[in-house]
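A short write-up of the structure that comes next.
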Amino acid sequence: MSRVRLVPILAVSVMVVTACGGSGGDGAGSSADAGITIFNTEPENPLVPGNTTEVGGSRILDAMFTGLVGYNADTAQPENAMAESIETTDSKLFTIKLKPDWKFHDGTPVTAKSYVDAWNWTAYGPNATQGATFFSQIEGYADVHPEDPDGADGPQQAPTPTTETMSGLKVVDDSTFTVTLTEAFSVFPVTIGYEVFSPLPEAFFKDQKAFEDAPIGNGPFKFVSRQVGAEVKLTRYDDYEGDDKPKIKDVTLKVYQSRESAYADLVANSLDFMEELPPNALAGKKYEGDLGERVLQKETLNNQTIAFPFYLPPYDNVDLRRAISMSINREEITQLIFEGSRVPADGWVHPLTEGYTPNQCGEYCEYNPTKAKELLAKSGYTGPLLLLSNTDGGHQEWAEAVANSIKNALGLDVRFTPSTSFGEFRQKVNAHEMTGMYRAGWIADYPSIENWLTPNYRTGSSSNDGLYSNPAVDAKLAEADKAADADEAITLYQEAEKLIAADMPSVPLWTQNTIGGRSDRLTAAKIDPFRALDLASVEVG
Amino acid sequence: MGRYVLRRLLQMVPVFLGTTFLIYALVWAVPGDPFEGKCGERDCPESYVSAMREKFNLDDPLLVQYGKYLLNLVRGDFGETSSGVEVADRIADTFPVTLQLALVALLIEAVIGIAAGVVSGLRGRGFLDSLVLVSTLFLISIPVFVTGYVVQLVFGLQLGWIAPTVGSSPSFGDLLVPGFVLASLSMAYVARLTRASIAENRRADYVRTALAKGLPDKRVVGVHLLRNSLIPVITFLGTDLGAFLGGAIVTEGIFNVPGIGGLVFRSILTKDGAMVTGLVTLLVLVYLLMTLLVDLLYAVLDPRIRYD
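Residue numbers (UniProt numbering), protein chains in the order written: chain G, 1 to 541; chain Y, 1 to 308.
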């Protein structure tokens, strides 16, 4: 029998671990060969542009691909990137010419075919991509992406498409292709800056699995390596032809389990950039003490609204909707709850968008309890009101404040009804099962006045969940879509917003500023209006 | 002994089936469509949702789904997540990190906990005893996330002695601080458990006999007293290793350790059923094996315990 001798030891362990901070403090490098580490979340999808619509994957692919159009990092205005010109006479047939000499990271040229093949692949139903619906305006989409007869949840399968290519896409020569839309759509050139419209190299069609493991793009940065769940490394592509050439060399997109842990690294200068600080840093403006001049702020293209279920009385009453809007003290709530990082909204179009008209909502978006009471009396409603929202993502506090504001101003019984998860909440919204007014918001897919109006307020549109419908608005939006030039289109969209304002289909609450931070090492860094780091602006001191 | 082990191993089969079925059923029964909110503010295209439902057999009855899943599992195929990543690969990446963290924590817990327990149990009512009682009470009463954040804030940010988070492939040294935080709560329990056990056995007949025989104190305590007193402690430590493996979610989150905890947490949030079931299956196996190991250790510590 073995003898085990266990002698008690008084262990006083002093744990001073000076692990390397990881900030590579040699400081000698100028920007040209510097590497930075930025915050990321784990990509939820394989790394293919047409199949990535969530943030974690987009941050990687945005750096690796440059599409036909890019958006200005300050103003969000669209600018030609790979496109030499996009021409149309009727807003239905577009001729797109590419700039010469562009190459993918594997050395193969980017041609008109790279775009056409990529778009066809993404739209093709059986490929089951997340971005397919973005191509629905192109002629022939219905042939490559037939509708499932009983919806995605039903037992029947969607029929196999008769063809793999959309009839609306035609390669003219190596650097020219044409796009024909089913209906005239004047804003089309603005929409194609979204990353699902990126070109794909030959290599993708030969071996998709290999591409997903090591994507090949045409953008300023090329792929180096990926450690799933931990990080993705990119490095500068020296033969990049675009104007947004980076000044730094390497970028590591590091996956964090939580924003709080990333924030700790940011404060300690071992993380170089994070575009949105966690709630514990925002509370009481703690970040100002922690980061000082390293705080970055930027107005971003999203807004918060309260939407109404038009299928449920009394919310279909315009006077009641106006009364609700006038009883919300936006100024006070944005100051008290968001410490001023939200800006009260005065219309349905975001101020950063071309075509924004100040004060479209007029007096109905101003806090005026007296007028609100008059409108309430006019509507004849005296019962209770419900405000629904999901509570994940920090929506509980403001939703309670808004409910209270309405309650105090109108003297009605207003209750806040929480849902615990966004998924569950969205499911009820989609199924039109809302029992009261509810939280809504919009993040622009592309910076156009059209994107703030059509998806939300046109009859039957993708995100018109409240089933708002006004034939005059629909007609005006359709007219704007058909406009021959951009200026005319904008004027018509503005008229549509005026018509929408009269109906108050949703209550605009506020638009958002994102508050991020950078490390000491970065001497310049900008957040763009889409809440991402503008990599071209980064300089290391 | 061999028959006992075999019997225990066979008993694992129904436990394994029961737990995996429960987990599988629960994961897919969570309210909310798993593909809702996956495509940003827009709804996912129908073709995408259909393809995913097909991939995870969501259109079959629950029992058939589970059957298909189990069949693959028995063949060693953990399946793929909706992002096309092999679940088995992710487990192979993250499990060693968490195991490392759990072992560091277990070591800290055992060494400090048992030492403190023995010292205070032997003295009784002295200054050291009170010190141990008060400090363990203190540790027990603060939740792990508070300990974690305070350690990170004080030593990481204010004093700058440690990096606030660990890197992508942490070494044992990197894991000392998170390991300490993870172990802190159980360490207090181990100390108290050891103390009670020692204090009780100190007056036992066999200790008196050993002392009467004239054995040196060191030997009486180290071999006779400690061996008997450690039985409840070993039980606790064994199941604790299982708990560390599955319950490191908070600690791994604070120190950004790329281990199982964060993976479980994220997979639950993104409703990645394949990943959650795979991970939990693995954790169930670890638990079962640990309890078996603990039961076998009893015989080593106390030869009177037989398995027949």
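Ideal Cβ placement from N, Cα and C applies to all residues, glycine included.
Ranked by Cα distance from G:V116, the options G:L169, G:D150, G:L98 are led by G:L169. Shown here, G:S405 sits in a helix according to DSSP, grouped into three states. Assignment of G:I86 by DSSP, reduced to helix, strand and coil, places it in the strand class.
When the alpha-carbon of Y:G117 is set against those of Y:D93, Y:E86, Y:V264, Y:L133, the nearest one is in Y:L133. In this structure, G:R330 and G:M504 do not form a Cβ contact; the two beta carbons are roughly 15 Å apart against a cut-off of 8 Å.
Under the DSSP assignment, G:Y438 falls outside any alpha helix (DSSP H), being part of the beta strand (DSSP E) whose first and last residues are 437–443.
Nearest to G:A184 by C-alpha distance, out of G:V224, G:K222, G:E139, is G:E139.
Among the CB atoms of chain Y, none fall inside 7 Å of the CB of G:Y356.
By the neighbour-count definition (other C-beta atoms within 10 Å, threshold 16), Y:V181 is a buried residue.
At least one beta carbon of chain G lies nearer than 7 Å to the beta carbon of Y:L157. Runs of the alpha helix (DSSP H) spanning 4 or more residues and lying entirely within the region 315–382 of chain G occur at 318–326, 330–338, 369–379, in chain order. Sequence-distant Cβ neighbours of G:F416 in its own chain, meaning closer than 6 Å and more than five residues away, are L387, A399, E400, A403.
In the three-state scheme derived from DSSP, where H, G and I count as helix and E and B as strand, Y:E86 is classed as strand.
For G:Q130, the C-beta contacts it makes with chain Y under 8 Å involve K38, C39, C44, P45, Y48, in order along the chain. Between G:V295 and chain Y, the shortest Cβ-Cβ separation is not below 7 Å. For Y:V286, the three-state secondary structure derived from DSSP is helix. Taking C-alpha positions only, Y:A51 is separated from Y:L301 by approximately 56 Å.
For G:S448, the three-state secondary structure derived from DSSP is coil. Per DSSP, G:R426 lies in no beta strand (DSSP E) segment; the continuous alpha helix (DSSP H) that holds it begins and ends at 422–430. Within the same chain, Cβ atoms closer than 6 Å to the Cβ of Y:W28 are found at G273, the five residues on either side in sequence being excluded.
At a cut-off of 7 Å between beta carbons, Y:A204 makes no contact with chain G. Contact of G:Q257 with chain Y is assigned, a C-beta pair being separated by under 7 Å.
The three-state secondary structure of G:S461, taken from DSSP, is coil. Here the alpha carbon of G:K371 sits roughly 13 Å from the alpha carbon of G:G411. Chain-ordered, the chain Y residues with CB closer than 8 Å to the CB of G:N45 read S82, S83, G84. Per DSSP, reduced to three states, the secondary structure at Y:I162 is coil, with no helix or strand assignment.
Think of a sphere of 8 Å around the beta carbon of Y:L101: no beta carbon from chain G falls inside it, the nearest being about 13 Å out.
One thing to note: Y:G259 has its Cβ no nearer than 7 Å to the Cβ of Y:M290. Contact between the region 478–491 of chain G and the region 506–516 of chain G is absent: fewer than three C-beta pairs spanning the two stretches fall below 8 Å. In the structure shown, the three-state DSSP call for Y:N57 is coil.
Per DSSP, reduced to three states, the secondary structure at G:D238 is coil, with no helix or strand assignment. In the structure shown, G:M274 adopts extended strand secondary structure according to DSSP, grouped into three states.
With respect to the 7 Å criterion, G:Y240 and G:P220 are classified as neighbours on the basis of their beta carbons. Closer than 7 Å at the C-beta level to chain Y, one finds these residues of the region 49–68 of chain G: T53, E54.
DSSP places G:P418 outside any alpha helix (DSSP H); the residue lies instead in the beta strand (DSSP E), whose first and last residues are 414–419.
If you draw a 10 Å sphere on the C-beta of Y:M1, you find fewer than 16 other C-beta atoms in it, and that means exposed.
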